[in-house]
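**Student:** This is the structure, below, for whatever I ask next.
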Amino acid sequence: MNYEVIIGLEIHAQLATKTKAWCSCEISTKAFENTKVCPVCSAQPGALPVLNEKAVEYAISSALALNCKINPHSSFDRKNYFYPDLPKGFQITQFPSPIGTDGYISIKDSNGNEKKVGIERVQMEEDTGKSTHMAGASLINLNRCGTPLIEIVGKPDIRDAKEASEYYKKIQSILVYLGVSHGNMQEGNLRCDVNLSLRKKGDTKFGTRTEVKNLNSFKSVEKAIEHEIQRQAALLDSGKKVEQQTLLFNIDTGTTKVMRTKSNADDYRYFPEPDLLPLIVSEAQIKKLKENLPELPDAKIKRFMQQYSIPYYDADVLTSSKELAQYFETAAGAYKGEAKKASNWIMVELLKLINESGSDIAKSPVPALELANLLNFVLDDTISGKIAKDVMQKMYDERISAAKAIEKMGVKQISDTSALEEMIKKTLTEHAAEVDRYRKGEVKLYGFLVGQTMKNTKGQGNPKLINDILKKLLDG
Ligand SMILES: [Zn+2]
40 MNYEVIIGLE
50 IHAQLATKTK
60 AWCSCEISTK
70 AFENTKVCPV
80 CSAQPGALPV
90 LNEKAVEYAI
100 SSALALNCKI
110 NPHSSFDRKN
120 YFYPDLPKGF
130 QITQFPSPIG
140 TDGYISIKDS
150 NGNEKKVGIE
160 RVQMEEDTGK
170 STHMAGASLI
180 NLNRCGTPLI
190 EIVGKPDIRD
200 AKEASEYYKK
210 IQSILVYLGV
220 SHGNMQEGNL
230 RCDVNLSLRK
240 KGDTKFGTRT
250 EVKNLNSFKS
260 VEKAIEHEIQ
270 RQAALLDSGK
280 KVEQQTLLFN
290 IDTGTTKVMR
300 TKSNADDYRY
310 FPEPDLLPLI
320 VSEAQIKKLK
330 ENLPELPDAK
340 IKRFMQQYSI
350 PYYDADVLTS
360 SKELAQYFET
370 AAGAYKGEAK
380 KASNWIMVEL
390 LKLINESGSD
400 IAKSPVPALE
410 LANLLNFVLD
420 DTISGKIAKD
430 VMQKMYDERI
440 SAAKAIEKMG
450 VKQISDTSAL
460 EEMIKKTLTE
470 HAAEVDRYRK
480 GEVKLYGFLV
490 GQTMKNTKGQ
500 GNPKLINDIL
510 KKLLDG
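Going by our numbering, the sequence shown opens with residue 40, and the numbers climb by one from there.
Set out below in structure tokens:
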């Protein structure tokens with residue numbers, strides 16, 4: 040391909056406040072339609088908005104975590120457009136002076152190198168209601184009206200689909216770590232628009248861009264980008280122009296369709312919101328929020344690598360969610376062996392069971408301390424490492440402790456030296472002929488004798504002890 044791909048993402052995140060941005064209505068996705076509304080969020084004449092302080096705190100914390108400068112003096116604006124799920128006829132947002140500007144996050148690019156992606160702005164705004172279209176009717180639910188959002192506008196620093204989804208994942212993870220958003224894409228807590236243009240390699244001027252709206256999974260972000268690159272490249276190759284359009288992506292067909300052509304900022308006739316005072320944030324407030332930021336994913340990755348001596352790959356997987364990171368720390372803390380072992384068991388065995396059963400780590404049938412117990416039983420030779428996987432399966436299926444599962448399965452390893460010695464002696468008597476041949480030089484029969492002993496112990500003999508004792512009896 041002769042083109043360079045220029046991508047910028049706009050991410051909308053619902054803030055997880057209890058109440059809405061400008062009124063005290065509860066935010067609830069489960070409430071009956073149109074029951075969480077009041078004169079303010081249903082836009083009755085004369086009703087006035089009052090800014091939710093918690094939403095401001097969440098927005099500032101997000102902007103700080105995204106390394107933005109906090110604007111001590113920001114303000115709200117009206118973005119005017121008509122849609123039935125927007126009863127005011129405008130959305131309250133921040134246009135010329137958003138709460139945060141000029142930030143960045145670090146991601147891994149397609150070659151695995153660290154890359155900074157710039158963040159142009161973080162602005163506070165509100166969500167709309169929800170329309171449901173059915174045969175012959177459209178239904179409006181205003182429960183979501185006025186839910187506080189932040190929009191995170193990324194700089195056009197992204198160059199391919201993989202980088203875009205890495206960036207999106209990182210933003211999601213940061214917001215969830217902060218506790219400011221649930222970050223659940225299926226429930227619409229987090230939505231993403233992709234801006235994409237192509238330019239000839241070496242050009243400095245940007246090409247005409249299109250915007251693909253409302254992508255609700257990492258996969259749909261990647262697929263939409265791949266499709267849009269192909270579509271724009273084909274247009275440019277055949278000498279045609281890319282039109283500035285807003286598009287909708289259909290993940291089932293893998294294609295986009297045009298929602299509207301040309302959407303310039305001017306169309307919205309932005310003007311200052313007269314019913315809300317400018318938002319003034321003091322240095323002291325910013326400092327306090329900064330000090331209260333939790334440990335964020337990048338810092339946690341670094342700490343995990345140092346504190347637990349695990350490689351980057353492990354630390355990256357284990358910090359991908361706050362719950363998983365917590366699970367690992369609890370398990371590694373209670374396990375008496377090396378943390379890398381706990382990491383392997385979580386990443387391979389546990390996550391496999393969790394993915395297969397469609398569960399999630401927070402509700403894992405095997406709690407972190409029980410996983411540690413299981414591994415400690417391997418460490419002190421109560422059970423063999425080989426049987427531990429079956430024990431784990433039983434613990435998971437029956438939601439029982441490691442000790443209980445071992446007892447129920449009868450797989451406790453025999454590490455009693457004198458008991459083992461008796462069993463080995465019995466084996467050697469049973470196979471006197473092979474013992475004789477072994478002693479005359481057929482050393483390969485050693486493996487056979489180990490196997491027979493194992494069989495006599497029903498697989499529960501401690502392999503190391505069997506080895507020691509058998510050698511002593513045969514060669515000593
Ligand atoms: Zn309300």
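C-beta: ideal position from N, C-alpha, C; glycine also.
Is the region 197 to 217 touching the region 62 to 76, taking contact as three or more C-beta pairs under 8 Å?
**Tutor:** With the cut-off at 8 Å, the region 197 to 217 and the region 62 to 76 do not touch.
**Student:** By how many angstroms is the C-alpha of V156 removed from the C-alpha of R270?
**Tutor:** Using only the alpha carbons, I get a separation of about 25 Å.
**Student:** How about the region 315 to 329 and the region 187 to 205: do they share at least three Cβ pairs that are nearer than 8 Å?
**Tutor:** No, the region 315 to 329 does not touch the region 187 to 205.
**Student:** Less than 7 Å separating the Cβ of G185 from some heavy atom of ligand 1?
**Tutor:** Under cutoff, so the answer is yes.
**Student:** Scan the region 412 to 487 and note each continuous alpha helix (DSSP H) run of 4 residues or more that stays entirely inside, going in chain order.
**Tutor:** The qualifying runs are 424 to 437, 441 to 448, 456 to 469, 471 to 478.
**Student:** Beta carbon of K169: closer than 7 Å to some heavy atom of ligand 1?
**Tutor:** No, the Cβ of K169 stays beyond 7 Å of every heavy atom of ligand 1.
**Student:** Output the distance between the C-alpha atoms of Y206 and G139, rounded to the nearest integer angstrom.
**Tutor:** Approximately 18 Å, taken between the alpha carbons.
**Student:** Cβ-heavy atom distance between K59 and ligand 2 below 7 Å?
**Tutor:** Ligand 2 is not part of this structure, which contains only ligand 1.
**Student:** Just checking V79 against ligand 1 - is the residue's beta carbon closer than 7 Å to any of the ligand's heavy atoms?
**Tutor:** The answer is yes for V79.
**Student:** In the DSSP assignment, what residue or residues form a beta bridge with Q162?
**Tutor:** DSSP lists E190 as partners of Q162.
**Student:** By DSSP, does Q346 sit in helix, in strand, or in coil?
**Tutor:** Correct three-state label for Q346: helix.
**Student:** Pick helix, strand or coil for A52, following the three-state DSSP scheme.
**Tutor:** A52 falls in the strand class under three-state DSSP.
**Student:** If we count Cβ pairs, one from each stretch, closer than 8 Å, do we get three or more for the region 374 to 383 versus the region 342 to 353?
**Tutor:** With a cut-off of 8 Å, the region 342 to 353 and the region 374 to 383 count as touching, because enough Cβ pairs lie within range.
**Student:** Beta-carbon separation of L410 and L389 under 8 Å?
**Tutor:** In this structure, L389 lies closer than 8 Å to L410 by Cβ.
**Student:** Cutting at 6 Å between CB atoms, please list the residues of its own chain near C184, excluding the five before and the five after it.
**Tutor:** Closer than 6 Å at the Cβ level, and outside the excluded window around C184, lie C80, G168.
**Student:** Which two residues bound the contiguous beta strand (DSSP E) that contains S145?
**Tutor:** Element bounds for S145: 139 to 147.
**Student:** To the nearest angstrom, how far is the alpha carbon of F367 from that of P333?
**Tutor:** C-alpha separation (whole angstroms): 18 Å.
**Student:** What's the gap between the Cα of V387 and the Cα of S145?
**Tutor:** When rounded, the distance between both Cα atoms is 27 Å.
**Student:** At a threshold of 7 Å, does V89 count as lining ligand 1 (C-beta to nearest heavy atom)?
**Tutor:** No.
**Student:** Any idea what DSSP makes of M40, helix, strand or coil?
**Tutor:** In this structure, M40 counts as coil in the three-state DSSP scheme.
**Student:** Can you look up N253 in the DSSP assignment and give me helix, strand or coil?
**Tutor:** N253: strand per DSSP, three-state reduction.
**Student:** Give every residue of the same chain whose Cβ lies closer than 6 Å to the Cβ of D196, excluding the five residues on either side of it in the sequence, and list them in chain order.
**Tutor:** Only V156, G157 meet the Cβ criterion.
**Student:** Could you give the DSSP three-state label for K503: helix, strand or coil?
**Tutor:** In this structure, K503 counts as helix in the three-state DSSP scheme.
**Student:** I need the boundaries of the beta strand (DSSP E) containing Q225, first residue and last residue.
**Tutor:** That residue, Q225, is in no beta strand (DSSP E); it is neither H nor E in DSSP.
**Student:** Closer than 7 Å to a non-hydrogen atom of ligand 1 - does that hold for the CB of V76?
**Tutor:** Yes, the beta carbon of V76 sits closer than 7 Å to at least one heavy atom of ligand 1.
**Student:** Please classify I99 as buried or exposed, where buried requires at least 16 other C-beta atoms within 10 Å of its C-beta.
**Tutor:** It is buried - the Cβ of I99 has at least 16 other Cβ atoms within 10 Å.
**Student:** Can you tell which of E395, D419, F343 has the C-alpha that lies nearest to the C-alpha of Y374?
**Tutor:** Nearest of E395, D419, F343 to Y374, Cα basis: D419.
**Student:** Under 8 Å: do the region 504 to 514 and the region 476 to 493 share three or more Cβ pairs, one atom per stretch?
**Tutor:** Contact holds: three or more Cβ-Cβ distances are below 8 Å.
**Student:** Identify, in the order they occur along the chain, each residue of the same chain with its Cβ nearer than 7 Å to the Cβ of F416, setting aside the five sequence neighbours on each side.
**Tutor:** Result list for F416: I422, A441, I445, in chain order.
**Student:** Please determine whether the Cβ atom of C107 lies at a distance below 7 Å from any heavy atom of ligand 1.
**Tutor:** Incorrect: C107 has no Cβ contact closer than 7 Å to ligand 1.
**Student:** At a threshold of 7 Å, does C231 count as lining ligand 1 (C-beta to nearest heavy atom)?
**Tutor:** No; taking the cut-off as 7 Å, the Cβ of C231 has no heavy atom of ligand 1 nearer than that.
**Student:** Can you name the start and end residues of the alpha helix (DSSP H) that L357 belongs to?
**Tutor:** Note, L357: alpha helix (DSSP H), 351 to 357.
**Student:** Mind checking who Q284 pairs with in its DSSP beta bridge?
**Tutor:** In DSSP, Q284 forms a bridge with T300.
**Student:** How far does the alpha helix (DSSP H) with N394 in it reach, from first residue to last?
**Tutor:** Looking at the DSSP string, the run of the alpha helix (DSSP H) that includes N394 is 390 to 396.
**Student:** Check whether the Cβ atoms of S136 and N110 lie closer than 8 Å to each other.
**Tutor:** For S136 and N110, yes; Cβs fall inside 8 Å.
**Student:** Rounded to a whole number of angstroms, what is the C-alpha to C-alpha distance between L43 and L275?
**Tutor:** The displayed chain sequence assigns Glu, not Leu, to residue 43. Using only the alpha carbons, I get a separation of about 12 Å.
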